[in-house]
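Enquirer:
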Amino acid sequence: MFYLSSARIYLSLVVLCLFFSTSANAQASEQSKVQTKPKDNSETLKLPPLPQASANNAVASVEIDNQQYLFSFMGLYSGKGYQDVHNKAWKINVSAEKPEWKSISPVPSTLDLKGRLASIAVGIDDSVYLFGGYTVAASHEEVSAPDVYRYHV
Numbered sequence: 205m206f207y208l209s210s211a212r213i214y215l216s217l218v219v220l221c222l223f224f225s226t227s228a229n230a231q232a233s234e235q236s237k238v239q240t241k242p243k244d245n246s247e248t249l250k251l252p253p254l255p256q257a258s259a260n261n262a263v264a265s266v267e268i269d270n271q272q273y274l275f276s277f278m279g280l281y282s283g284k285g286y287q288d289v290h291n292k293a294w295k296i297n298v299s300a301e302k303p304e305w306k307s308i309s310p311v312p313s314t315l316d317l318k319g320r321l322a323s324i325a326v327g328i329d330d331s332v333y334l335f336g337g338y339t340v341a342a343s344h345e346e347v348s349a350p351d352v353y354r355y356h357v
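Numbering (this note's numbering), first residue to last: 205 to 357.
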């Protein structure tokens with residue numbers, strides 16, 4: 205019975221995440237383009253590239269005190285091998301006069317392997333929630349992660 209309840213809770217969280225991520229991902233997608241318009245629409249602002257190229261990263265957007273932040277969590281470095289899966293995280297204040305990416309605490313994991321691919325990130329109020337994903341072992345086996353984390357901005 206406990207396992208069934210846990211499964212239902214996890215499934216509910218995933219459904220909730222998908223519900224919120226639809227609008228959050230649309231916002232993050234629009235704001236994570238290389239060029240975006242500032243709030244006053246006076247000019248086009250080119251954002252700097254991530255400190256390290258990363259694919260399959262989780263991205264979310266949060267607005268606090270009229271400041272728009274973008275976050276990038278985990279992903280796969282350009283080598284594209286199992287050893288290139290990472291747990292690094294960055295944020296950028298898109299509203300700043302000179303936006304720049306800043307490193308934030310790496311994403312922890314309950315798994316022995318650090319870092320994940322295909323996680324979902326959702327910005328709600330002053331926090332970013334990270335859900336699941338998977339990592340890849342040296343044997344190329346994919347290992348799903350049950351982890352859920354909250355980053356407070």
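A virtual CB, placed ideally from N, CA and C, is assigned to each residue, including glycine.
1. Below 8 Å on the Cβ atoms is my contact criterion, and I expect Leu315 with Gly337 to pass it. Report the Cβ-Cβ distance as a whole number of Å.
2. Any idea which residues DSSP pairs Gly279 with across the strands?
3. So what's Ser265 in DSSP terms, helix, strand or just coil?
4. According to DSSP, Glu346 sits in a beta bridge with which residue or residues?
5. Ser323 and Ala262: beta carbons closer than 8 Å?
6. Could you give the residue range of the beta strand (DSSP E) that holds Val298?
Expert: Based on what the coordinates show:
1. That belief does not hold up - the Cβ atoms of Leu315 and Gly337 are roughly 10 Å apart, past 8 Å.
2. Residue pairing by DSSP puts Gly279 in a beta bridge opposite His290.
3. Three-state result, Ser265: strand.
4. DSSP lists Val340 as partners of Glu346.
5. One thing to note: Ser323 has its Cβ within 8 Å of the Cβ of Ala262.
6. Taken as a continuous stretch (DSSP letters only), Val298 belongs to no beta strand (DSSP E), as it is neither H nor E.
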